[in-house]
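Undergrad: The sequence shown begins at 1 in UniProt numbering and counts up by one.
All C-beta atoms, glycine included, are put in the ideal place defined by N, C-alpha and C.
This one's a predicted model, so the numbers in the text were calculated from it and none came from an experiment.
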Amino acid sequence: MSVKKWVTTLKGLDTLHLQEGTIPTPGKGEVLVEIRAVSLNYRDTEVCNGEYTHHKSIGQDDSIVPCSDSCGIVIQVGDGVTTLKTGDRVLSPFLPDHMTGQVTEKELASGLGLPLDGVLASHRVFLARGLVKAPEYLSDAEAATLPIAPVTAWMSINGMRPMGQDGGAGEYVLLQGTGGVSIAGLQIAKAAGAKVIITSSSDEKLAQAKALGADYTINYRTNPDWEKTVMEVTNNHGADIVLETGGAKTLKKSFDCIAFGGLIDCIGYLSGKVDEPEDRTNVNVLALRRNVTLKGIINGPKDRFEEMIGFYEKHQIRPVVNRVFHFDQAKEAFNFLYSGSHFGKVVITV
1 MSVKKWVTTL KGLDTLHLQE GTIPTPGKGE VLVEIRAVSL NYRDTEVCNG EYTHHKSIGQ
61 DDSIVPCSDS CGIVIQVGDG VTTLKTGDRV LSPFLPDHMT GQVTEKELAS GLGLPLDGVL
121 ASHRVFLARG LVKAPEYLSD AEAATLPIAP VTAWMSINGM RPMGQDGGAG EYVLLQGTGG
181 VSIAGLQIAK AAGAKVIITS SSDEKLAQAK ALGADYTINY RTNPDWEKTV MEVTNNHGAD
241 IVLETGGAKT LKKSFDCIAF GGLIDCIGYL SGKVDEPEDR TNVNVLALRR NVTLKGIING
301 PKDRFEEMIG FYEKHQIRPV VNRVFHFDQA KEAFNFLYSG SHFGKVVITV
């Protein structure tokens, strides 16, 4: 029996190719996991295309196993491991070294799927201390979606609050788009008792978001002044929390509809990473105008991940899996995600 893994040369989605090798043996403090499901994130397409370059501390090798989000079964335990046993179902956090608090540059270097080999494989050895036990009520495909998108959404809503103090109740939460983070944010915010506003260019996706509980939906293509609509539906209060995934083209609008003392979480850059002079926003003035907090979100630590799982279990939240591909269809899965036609998460079963 051998390990099968997908490898990219970071020169395009079409460079993904299968390799086989010897199944590794776990060392001290490690476990061998048989991977059952892998969830894709937009970041994974950037890695394959050689475009994940905005973290200057992360170098790029000539080839790498992509992806960070997986659910699998522990099949072998190394010496000194006491927290896990054979048969445990586990999840792989994006940053296995990030245990608590704000992420450090050193912890960022433990990222799965870049700079370290990721999880798009049949088997992988992990440090036992970095893994999280999967919720029993979720399928492998559902559980595999938890490490990046839901944790990022969780930290956006709760990261500035003390552990155990769930946020969102009675607040207005604005979500941009209908990708994995936004849909997870919708589910978390609604379970917490928030009023949720979500934007998209697709009426079909907005209808799906409405069915999930979104209170207000805005098509930003037919309503380009969506920030004014946010102010209208909140009775000029504004959004208490904005999950900002658009970047340069949407940040000014986010500031224009944020509540006094509100929080803008910088998560994505769908409008591009190039710093164009005409896109620059006078952040100092805009933040001071309404006493706004602007916070970059790079996922979250293990203790907050486990906190989130407790919240999911309490409210029986089931992640939205849009489409499932088989392991040998990895290229098709990546291209489907890259097309942007998905609603929620795309998963590969192994």
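If you draw a straight line from the alpha carbon of R124 to that of P66, how long is it in whole angstroms?
TA: Here residue 124 refers to the residue found at position 124 of the sequence shown. Here residue 66 refers to the residue found at position 66 of the sequence shown. Distance between the alpha carbons of R124 and P66 is about 12 Å.
Undergrad: Reducing DSSP to helix, strand and coil, say where F126 ends up.
TA: If you number the sequence shown from 1, residue 126 lands on position 126. Note: F126 maps to strand in three-state DSSP.
Undergrad: Can you tell me whether Y216 is helix, strand or coil according to DSSP?
TA: Taking the first residue of the sequence shown as 1, we reach residue 216 at position 216. If DSSP states are grouped into helix, strand and coil, Y216 belongs with the strands.
Undergrad: Is it true that the CB of E227 sits closer than 7 Å to the CB of K253?
TA: Reading the sequence shown from its first residue, position 253 is the one you call residue 253. Reading the sequence shown from its first residue, position 227 is the one you call residue 227. Taking 7 Å as the Cβ cut-off, K253 and E227 qualify as a contacting pair.
Undergrad: Can you tell me whether Y42 is helix, strand or coil according to DSSP?
TA: Mapped onto the sequence shown, residue 42 falls at position 42. In the structure shown, Y42 sits in a helix (DSSP, three-state: H, G or I).
Undergrad: In terms of residue numbering, what span does the alpha helix (DSSP H) encompassing Q187 cover?
TA: Taking the first residue of the sequence shown as position 1, residue 187 is located at position 187. Residues 180-192.
Undergrad: Since Y269 contacts G247 with CB under 8 Å, what's their CB separation in whole angstroms?
TA: Taking the first residue of the sequence shown as 1, we reach residue 269 at position 269. Taking the first residue of the sequence shown as 1, we reach residue 247 at position 247. With 8 Å as the limit, Y269 and G247 qualify as a contact, their Cβ atoms being about 4 Å apart.
Undergrad: Relative to the C-alpha of I348, which candidate in G340, N335, S341 has its C-alpha closest?
TA: As a position in the sequence shown, residue 348 is number 348, starting the count at 1. Closest by alpha carbon: N335.
Undergrad: What first and last residue would you give for the alpha helix (DSSP H) that runs through F311?
TA: Position 311 of the sequence shown, counted from the start, is the residue given in the question as residue 311. 302-315 is the span of the alpha helix (DSSP H), which, as asked, contains F311.
Undergrad: Rounded to a whole number of angstroms, what is the C-alpha to C-alpha distance between F126 and V285?
TA: Within the sequence shown, numbered from 1, the residue matching residue 126 stands at position 126. Within the sequence shown, numbered from 1, the residue matching residue 285 stands at position 285. Straight-line Cα distance between these residues: approximately 46 Å.
Undergrad: Taking F327 as the reference, which of S39, V33, G12, Y172 has the closest Cα?
TA: Taking the sequence shown and counting its residues from 1, one reaches residue 327 at position 327. Out of S39, V33, G12, Y172, S39 has the C-alpha closest to the C-alpha of F327.
Undergrad: Cβ atoms of V151 and G300: under 7 Å apart, would you say?
TA: Counted from its first residue, the sequence shown places residue 300 at position 300. Counted from its first residue, the sequence shown places residue 151 at position 151. Yes. Within cutoff.
Undergrad: Quick check: the segment 99-106 against the segment 12-19, are there 3 or more CB pairs under 8 Å?
TA: No: fewer than three Cβ pairs fall under 8 Å.
Undergrad: Hey, quick one: how far does the beta strand (DSSP E) through A259 stretch, first residue to last?
TA: Reading the sequence shown from its first residue, position 259 is the one you call residue 259. Counting along the chain, the beta strand (DSSP E) containing A259 begins and ends at 258-266.
Undergrad: Runs of 4 residues minimum, wholly inside the segment 193-255: which ones carry the alpha helix (DSSP H) assignment?
TA: Taking only runs of at least 4 residues, the alpha helix (DSSP H) segments lying wholly in the segment 193-255 are 203-211, 226-233.
Undergrad: Measure the CB-CB distance between T222 and L206 and report whether it falls below 7 Å.
TA: Locating residue 222 in the sequence shown gives position 222, where the first residue counts as 1. Locating residue 206 in the sequence shown gives position 206, where the first residue counts as 1. Contact: no.
Undergrad: Considering only C-alpha positions, which residue in the set I197, D256, I267, N322 is nearest to R290?
TA: What you label residue 290 is simply residue 290 of the sequence shown in a count that begins at 1. The shortest C-alpha separation from R290 is found at D256.
Undergrad: T22 by DSSP, collapsed to three states: which one?
TA: The residue labelled residue 22 in the question sits at position 22 within the sequence shown. Strand at T22.
Undergrad: Pair every Cβ in the segment 131-139 with every Cβ in the segment 157-175, then say whether three or more of these pairs are closer than 8 Å.
TA: Segments in contact, no.
Undergrad: Could you give the distance in angstroms between the alpha-carbon of L116 and the alpha-carbon of Y42?
TA: To locate residue 116, count along the sequence shown from 1; it is residue 116. To locate residue 42, count along the sequence shown from 1; it is residue 42. Between L116 and Y42, the C-alpha separation is close to 17 Å.
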